[in-house]
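For our numbering, count along the sequence shown from 1 and bump the result up by 15. Here's the structure, in structure tokens; my notes come after.
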Amino acid sequence: MPSAADYSAIEHLRDGSRIEVRSLRPDDQDDMLAAVDRTTVQSRQRRFFAPKRSFSDKEISFFMNIDFANHVALVAQIDEDGRPVVAGGGRYIVAQPRRAELAFVVIDAYQSKGIGTALMRHLLVIARDVGLKELTAEVLPENAAMLSIFSRFGFRSSAGDDPQVRHLTLKLS
């Protein structure tokens, strides 16, 4: 298997369209910012737990400077009018030894096509390959689509610090 930093795989979505799931690269910054601009306030709220309109330089640096050891990020790139665009992304960040937290965002126009599922599948492959033992996620209760994806992959609810957020955990074997 290629390293996380060189990861690339082709997927076909529910509607038959083709995406490339690949490692986030430094030169993706403009495409990533454009993708976030194309998401609705509701989608940004579900991802960032706040009505995020823009990012500071420090936040952009955090999201784009990936070490592919403790912070792994993948994008789903799709052809749109003959040009590749970022349709979504997923990442995990190691919070404790062998334990990482996952997060995802998919542009609204591409939601419900299987992009979140594809990103999850590939992040799980990488996480298992590097020996992670547990993945966690924080999800707002109204984010039924992400809760469904996490449930299909075997995540279970567990007690968390915030009663307004669903804390999900998956033990990896």
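Cβ atoms here follow ideal geometry from the backbone N, Cα and C, with glycine treated the same way.
For the pair R37 and Q126, the CB atoms are not nearer than the 8 Å cut-off. Across the structure, D46 and E157 are spaced so that their CA atoms are roughly 28 Å apart. Taking the C-beta atoms as reference points, R171 is found nearer than 8 Å to T184.
Straight-line spacing of the CA atoms in R143 and H137 works out to 10 Å. Per DSSP, the unbroken alpha helix (DSSP H) holding S166 starts and ends at A159 to R167. In the structure shown, V100 adopts extended strand secondary structure according to DSSP, grouped into three states. The beta carbon of G105 sits closer than 6 Å to those of L89, F119, L134 and L138, all from its chain and outside the five residues before and after it, given in chain order. Here the alpha carbons of P99 and L147 stand approximately 31 Å from one another. Exclusion of the five residues before and after T151 leaves E116 and T184 as the residues of its chain whose Cβ lies within less than 6 Å of its Cβ.
DSSP places F119 in the uninterrupted beta strand (DSSP E) bounded by R114 to V121. In the displayed model, A84 falls within coil according to three-state DSSP, outside both helix and strand. Nearest to S76 by C-alpha distance, out of L155, G97, A84 and D43, is D43. Within the model, the alpha-carbon separation for P41 versus E35 is close to 17 Å.
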